[in-house]
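Asks:
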Amino acid sequence: MELAGRLVDKNPAFTAVAPNITPGGRIADWSDTELARAIREGIRPDGSIIGPPMPFAMYRGLGDDDLASIVAFLRTVPTVENDVPPSEYNIPLPPAYGPPVESVTPPAPGVTVEYGAYLAGPVAHCMECHSPMGDKGPLTDPENLGRGGFAFHGPWGTSVAANLTSHPDGLADYSDDELKAMITKGAHADGSPMMPPMPYGYLAGMTPEDLDAVILYLRSLPPLPDA
-19 MELAGRLVDK
-9 NPAFTAVAPN
1 ITPGGRIADW
11 SDTELARAIR
21 EGIRPDGSII
31 GPPMPFAMYR
41 GLGDDDLASI
51 VAFLRTVPTV
61 ENDVPPSEYN
71 IPLPPAYGPP
81 VESVTPPAPG
91 VTVEYGAYLA
101 GPVAHCMECH
111 SPMGDKGPLT
121 DPENLGRGGF
131 AFHGPWGTSV
141 AANLTSHPDG
151 LADYSDDELK
161 AMITKGAHAD
171 GSPMMPPMPY
181 GYLAGMTPED
191 LDAVILYLRS
201 LPPLPDA
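Put into structure tokens, the structure is as follows:
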């Protein structure tokens, strides 16, 4: 059932259902260009807007080659026949999430703050989930970026995104090794398991260099108290 669609979130504002994006699903007749635009800009081939919680504010920064690689990967996953209902929104969706994105050149790979920001932003969208939620989406301005406070409700209960800044409320007292275990293993510093929905299994696939770059970036975030 990988990528075959599921209910993502149900709340008073919307019922978000992730569509089947295997080759046998909703994207079967979309061109590579149309699929890339849907991922990065949130616009379907018919011009309709894809709603939250897909993180378009972050995905708009995906580099051209990385976006093309994602599209190429989606074309290779096994076809799954699984019909899911469309999402329903009780809130108005914007006409667009921004101007058209013509081209994006990401930072060069390496253990740098810039590349870590790219991985924690457009690629893994860590900073969206770990920033406070406002009326119009995540608050990723300098006064709020990385402060945590976003509550996730699921069958596990309620988990609240942690503060990722260098403030004592955040990561100041954690070692790099402790942070790596939190990111890739879902384990607190004392060894106790962390809660979903952070995708530890996927983050465990990062190269050591990419993980070092992410941590270097997180260490660079200005100290902000918990949201």
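Residue numbers (the numbering used here): -19 to 207. Here a beta-carbon is modelled for each residue, glycine too, at the ideal position from N, C-alpha and C.
#1: Given S200, which residues of its chain have a CB within under 7 Å of its CB, disregarding the five upstream and five downstream residues?
#2: As a quick exercise: from G126, E123, S67, D46, pick the residue whose alpha carbon is nearest that of P87.
#3: Please go through the same chain and pick out, in chain order, the residues whose beta-carbon is closer than 6 Å to the beta-carbon of L159, but skip the five residues on each side of it.
#4: Using a Cβ-based criterion (distance less than 7 Å to any ligand heavy atom), does P(-1) qualify as near the ligand ADP?
#5: Can you check the stretch 72 to 151 for any beta strand (DSSP E) of at least 3 residues that lies completely inside it and give the ranges in chain order?
#6: Measuring alpha carbon to alpha carbon, tell me which residue in P205, R17, A(-2) is nearest P122.
#7: Alpha carbon to alpha carbon, how far is T164 from L183? Give it in angstroms, no decimals.
#8: Taking the beta carbon of I71 as the centre, do at least 16 other beta carbons fall within 10 Å, making it buried, or is it exposed?
#9: Does A104 pass the burial test, meaning 16 or more other C-beta atoms within 10 Å, or should it be called exposed?
#10: Would DSSP call R199 helix, strand or coil?
#11: Mark P78 as exposed unless 16 or more other C-beta atoms lie within 10 angstroms of its C-beta, in which case mark it buried.
#12: Name the two residues that bound the continuous beta strand (DSSP E) containing A(-4).
#13: By alpha-carbon positions, which one of G150, H147, S146, A169 ends up nearest to D157?
#14: Give me the Cβ distance between A(-16) and T2, rounded to the nearest whole Å; I'm assuming they're in contact under 8 Å.
#15: Let me confirm a value: H110 is counted as buried when at least 16 other C-beta atoms fall within 10 Å, else exposed. Which label applies?
#16: Using the three-state DSSP reduction, which class does Y69 fall into: helix, strand or coil?
#17: Measuring alpha carbon to alpha carbon, tell me which of N143, E61, G31 ends up nearest Y69.
#18: Go through the stretch -6 to 70 residue by residue and report every complete run of the beta strand (DSSP E) that reaches 3 residues or more, in order.
#19: Can you tell me whether DSSP reads P173 as helix, strand or coil?
#20: So A207 and G129 are in contact, right, with Cβ under 8 Å, and what is the actual spacing, rounded?
#21: Measuring alpha carbon to alpha carbon, tell me which residue in D12, S83, L(-13) is nearest M34.
#22: Is the CB-CB distance between S67 and V(-3) below 8 Å?
#23: Using only the alpha-carbon positions, how far apart do D115 and A(-7) sit?
#24: Could you work out which residue in M175, G96, A100 is closest to H133 when comparing CA atoms only?
Replies: Let's see:
#1: Residue 200 sits at position 220 when you count from the first residue of the sequence shown. If we look at S200 and ignore the five residues flanking it on each side, its Cβ neighbours are V93.
#2: Indexing the sequence shown from 1 puts residue 87 at position 107. Checking every option, the nearest Cα to that of P87 belongs to D46.
#3: Sequence index remark: in the sequence shown, residue 159 carries index 179 (1-based). Within the same chain, L159 has close Cβ partners I195.
#4: For the ligand ADP, the structure offers nothing, since it holds no ligand at all.
#5: 131 to 134, 137 to 140
#6: Looking up residue 122 in the sequence shown gives position 142. Among P205, R17, A(-2), the Cα nearest to that of P122 belongs to P205.
#7: On the sequence shown, residue 183 is found 203 positions in, with the first residue counted as 1. On the sequence shown, residue 164 is found 184 positions in, with the first residue counted as 1. Answer to the nearest angstrom: the Cα atoms are 5 Å apart.
#8: The count along the sequence shown starts at 1 and reaches residue 71 at position 91. Counting Cβ neighbours within 10 Å, I71 comes out exposed, since fewer than 16 surround it.
#9: In the sequence shown, residue 104 corresponds to position 124, counting from 1. The residue in question, A104, is buried, as its Cβ has 16 or more Cβ neighbours within 10 Å.
#10: For the purposes of this step, residue 199 is taken as residue 219 along the sequence shown, with counting starting at 1. If DSSP states are grouped into helix, strand and coil, R199 belongs with the helices.
#11: Residue 78 sits at position 98 when you count from the first residue of the sequence shown. Reading off the sequence, residue 78 comes out as Gly, not Pro. So G78 counts as exposed.
#12: Stepping through the sequence shown from its first residue, residue -4 is reached at position 16. -6 to -2 is the extent of the beta strand (DSSP E) around A(-4).
#13: Mapped onto the sequence shown, residue 157 falls at position 177. The residue with the shortest Cα to Cα distance from D157 is A169.
#14: Start at 1 with the first residue of the sequence shown, and residue -16 comes out as number 4. Start at 1 with the first residue of the sequence shown, and residue 2 comes out as number 22. Between T2 and A(-16) the Cβ distance is about 6 Å, and since that is below 8 Å, they are a contact.
#15: On the sequence shown, residue 110 is found 130 positions in, with the first residue counted as 1. H110 comes out buried.
#16: If you number the sequence shown from 1, residue 69 lands on position 89. In the structure shown, Y69 sits in a strand (DSSP, three-state: E or B).
#17: On the sequence shown, residue 69 is found 89 positions in, with the first residue counted as 1. Cα-wise, what sits closest to Y69 is G31.
#18: -6 to -2
#19: Start at 1 with the first residue of the sequence shown, and residue 173 comes out as number 193. Per DSSP, reduced to three states, the secondary structure at P173 is strand.
#20: Position 227 of the sequence shown, counting from 1, holds the residue named residue 207. Position 149 of the sequence shown, counting from 1, holds the residue named residue 129. Yes, they are in contact, since the Cβ atoms of A207 and G129 sit about 3 Å apart, within 8 Å.
#21: Counted from its first residue, the sequence shown places residue 34 at position 54. It is L(-13).
#22: Walking along the sequence shown from the start, residue 67 turns up at place 87. Walking along the sequence shown from the start, residue -3 turns up at place 17. Closer than 8 Å, so yes.
#23: The residue given as residue 115 occupies position 135 in the sequence shown. The residue given as residue -7 occupies position 13 in the sequence shown. C-alpha separation (whole angstroms): 11 Å.
#24: Here residue 133 is taken as the residue at index 153 of the sequence shown, counted from 1. With distances taken between Cα atoms, H133 lies closest to M175.
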